[in-house]
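Structure, as C-alpha cells:
Numbering (our numbering), first residue to last: 71 to 487.
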C-alpha cells in the first residue's frame with residue numbers, strides 16, 4: 071500500500087513548528103508494511119488543501135492528514151476533504167457529549183466553535199481522542215483510504231497507535247508486513263562496507279539492504295515484507311549470512327546501540343575494569359563511555375593530561391620523554407604507551423587506554439594535523455600502540471580518535487583480529 075502524509079498548518083510552513091508527526095507516522099506505517107512515498111505540508115487554506123488531496127489521490131492508496139481538526143475557523147481539514155468528496159458533515163454525538171461534559175465539569179462556558187471538534191464527514195468511522203477533544207475520521211471511498219488525525223503530537227500519537235492502527239490492520243488483512251533487522255559495524259567506513267557488499271545491494275529486491283553512517287559506526291538495516299514473522303526471519307537470516315561472510319569481523323551488535331555500549335557490555339561480562347588517559351580528545355572518550363547507564367561498574371575513571379606538565383605530574387611520565395633535545399615528545403608512540411600503562415597502574419584497572427596526537431588546526435611539535443597515537447595496556451600483556459593519520463576538522467578528529475580506541479578495545483575484548 072502506498073501512503074502520503076499531508077500535514078496541515080501554516081505554522082509548519084513558517085518554521086514555527088517542527089513537523090515531528092511525519093517522522094512518527096512514517097515509522098509506524100513502515101511497521102505495518104505500508105510504504106510512505108510522499109510527505110506534503112500545506113497551509114491553513116481550503117483551496118490548497120483540496121489541491122493537495124487531488125494530487126495525493128493520483129499517487130497514494132492511503133492519504134493521512136495531521137492537523138486542522140480543532141475548533142477555530144482556520145481548522146479546515148474536515149471541511150476541505152468533505153467538499154472534495156462532496157459529502158456532508160454532521161456532529162458525532164458521543165464526541166459532542168464528551169466535549170460538553172468536559173466544559174461543564176470545569177465550570178467553563180463552552181463557545182459554539184468547540185462543536186466543530188465533534189464534526190464527522192458522512193460515512194467516516196470515528197477515531198476516539200483520549201488525549202484531547204477533536205474526533206478523528208477514517209474513511210474508504212473509491213479505493214482510497216483517508217485518515218484524519220489531530221495535529222498536537224500528544225493527541226496524534228495515541229490516536230494513531232490505538233484506533234487508527236486497528237482500522238489500518240483491518241484494511242490490510244493478510245497483506246505483508248515489514249520486518250527489519252539492524253546490524254552495527256565499526257572499524258570500517260560506510261563506503262568500504264558498501265563496496266564489500268555492493269553486489270548484494272545492487273541485486274536487492276526483497277530483502278532490501280540500506281546503510282546508515284555516523285562517525286565511527288555504520289548501520290545496515292535489512293528489511294523484508296512477509297505474511298508472518300517466521301517467513302521474515304528466514305529471509306533476514308539468509309541476507310545476514312551473506313553480509314557476515316564478508317564483513318563479519320566488524321559486526322559489533324545486532325541492535326541499535328553505540329560502540330561504547332558494546333564495549334561496556336563486554337567488560338561487564340568479563341568482570342574487567344577500564345581507565346583512560348586522554349590528551350587531544352580532552353575527556354571525550356570518558357564522556358562517551360560514561361554516557362552509558364551503569365558504566366561506573368566498568369569504567370573506574372580517567373585523566374585529561376592536556377599539557378606535558380600534567381602528563382608528568384599525574385602520570386609520572388619523565389619530562390625527558392616529553393621535552394628537550396632528542397625527546398620523543400608528547401605526540402609519539404612511546405608516550406602513548408606510557409600513558410596507557412601509567413593510568414592502568416594508577417587506577418588498578420585491568421585495561422588502560424590512551425590518546426595523544428594533533429587535533430589541529432595547526433601542527434604541533436613539527437607533527438602534522440591528524441597524526442594520532444593511541445594505546446591499550448592490558449594487565450600481564452604487552453601494550454598495543456596504534457598510529458593513524460586522521461582527517462577532518464578538529465572536532466571530527468577528536469571523535470574519530472575516541473571511536474578508534476573503542477573499536478580496538480572491542481577487538482581485544484572480543485578477541486577479534
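For every residue, glycine included, the Cβ atom is placed at its ideal position computed from N, Cα and C.
Quick one: which unbroken alpha helix (DSSP H) runs of 4-plus residues sit fully inside the segment 326-374? Chain order, please. As far as the segment 326-374 is concerned, its whole alpha helix (DSSP H) runs of at least 4 residues are 329-340 and 354-360.
C-alpha distance - residue 313 paired with residue 183, whole-angstrom precision: Taken atom to atom, the span from the alpha-carbon of residue 313 to that of residue 183 is near 59 angstroms.
Tell me whether residue 109 sits in a helix, a strand or coil according to DSSP, three-state version. The three-state secondary structure of residue 109, taken from DSSP, is strand.
How would you label residue 267, buried or exposed, when you count the other beta carbons within 10 angstroms and need 16 or more for buried? Classification of residue 267: buried, given that the 10 Å Cβ count is 16 or more.
Looking only at C-alpha atoms, which of 465, 224 and 199 sits nearest to residue 353? Per the C-alpha coordinates, the member of 465, 224 and 199 positioned closest to residue 353 is 465.
Identify which residue in 80, 95 and 89 has its Cα closest to the Cα of residue 238. Relative to the Cα of residue 238, the nearest Cα in the group 80, 95 and 89 belongs to 95.
Does any C-beta atom of chain B lie closer than 8 angstroms to the C-beta of residue 194? Absent here is chain B; the protein component of the structure consists of one chain.
Pick from 185, 295, 212 and 461 that is closest to residue 142, judged by C-alpha positions: Answer by Cα proximity: 185.
State the CB to CB distance for the pair residue 146 and residue 119, rounded to an integer number of angstroms; the pair is presumed to be in contact (CB under 8 angstroms). Separation of the CB atoms of residue 146 and residue 119 is rounded to 6 angstroms, and the pair is thereby assigned contact status at 8 angstroms.
Kindly give me the distance between the Cβ atoms of residue 197 and residue 229, rounded to whole angstroms, as I take these residues to be in contact under 8 angstroms. 5 angstroms between Cβ atoms; contact.
Mind checking residue 282: buried by the 16 CB within 10 Å criterion, or exposed? Within 10 angstroms of the beta-carbon of residue 282 lie fewer than 16 other beta-carbons, which makes it exposed.
Residue 211: buried (16+ other C-beta within 10 angstroms of its C-beta) or exposed? When all chains shown are included, residue 211 counts as exposed.
Could you say if the segment 442-458 and the segment 408-427 meet the contact criterion of at least three C-beta pairs nearer than 8 angstroms? Judged by Cβ distances under 8 angstroms, the segment 442-458 makes contact with the segment 408-427, as three or more pairs qualify.
In or out: residue 471 buried (at least 16 other Cβ within 10 Å) or exposed? Around the beta carbon of residue 471, 16 or more other beta carbons lie within 10 angstroms, which makes this residue buried.
Would you decide whether residue 409 is buried or exposed? Buried here means 16 or more other CB atoms lie within 10 Å of its CB. Note on residue 409: 16 or more other CB atoms within 10 angstroms of its CB, so buried under the neighbour-count rule.
Tell me, which residues are paired with residue 249 by DSSP? According to DSSP, residue 249 bridges with 294.
Given this structure, state the Cα-to-Cα distance separating residue 386 from residue 412, to the nearest angstrom. Roughly 7 angstroms between the two C-alpha positions.
Using C-beta distances below 7 angstroms, list every residue in its chain close to residue 157, excluding the 5 sequence neighbours before and after it, in chain order. The residues are 191, 192 and 193.
Buried or exposed: which applies to residue 187, given that a residue is buried once 16 or more other Cβ atoms fall within 10 Å of its Cβ? Buried: at least 16 other Cβ atoms inside 10 Å.
How long is the line joining the alpha carbons of residue 214 and residue 151, rounded to whole angstroms? Their Cα atoms are separated by approximately 13 angstroms.
Please classify residue 94: does DSSP put it in a helix, a strand, or coil? Note: residue 94 maps to helix in three-state DSSP.
By Cβ distance, which residues of its chain are closer than 8 angstroms to residue 24, with the 5 residues on each side in sequence left out? This structure cannot settle anything about residue 24, because the visible part of the chain is limited to 71 through 487.
Roughly how many angstroms separate the alpha carbons of residue 350 and residue 374, rounded to a whole number? Distance between the alpha carbons of residue 350 and residue 374: 9 angstroms.
Residue 459, DSSP secondary structure in three states: Strand.
Which class does residue 205 belong to by DSSP, given the choice of helix, strand or coil? Under the three-state reduction of DSSP, residue 205 is assigned to coil, being neither helix nor strand.
Specify the secondary structure class of residue 179 as computed by DSSP and reduced to three states. Coil, per DSSP.
Assuming contact is defined by CB atoms lying nearer than 8 angstroms, are residue 286 and residue 469 in contact in what I supplied? For residue 286 and residue 469, yes; Cβs fall inside 8 angstroms.
Let me know if residue 310 comes out buried or exposed under the rule of 16 or more other beta-carbons within 10 Å of its beta-carbon. Buried is the call here.
Is the beta carbon of residue 420 closer than 8 angstroms to that of residue 342? Yes.
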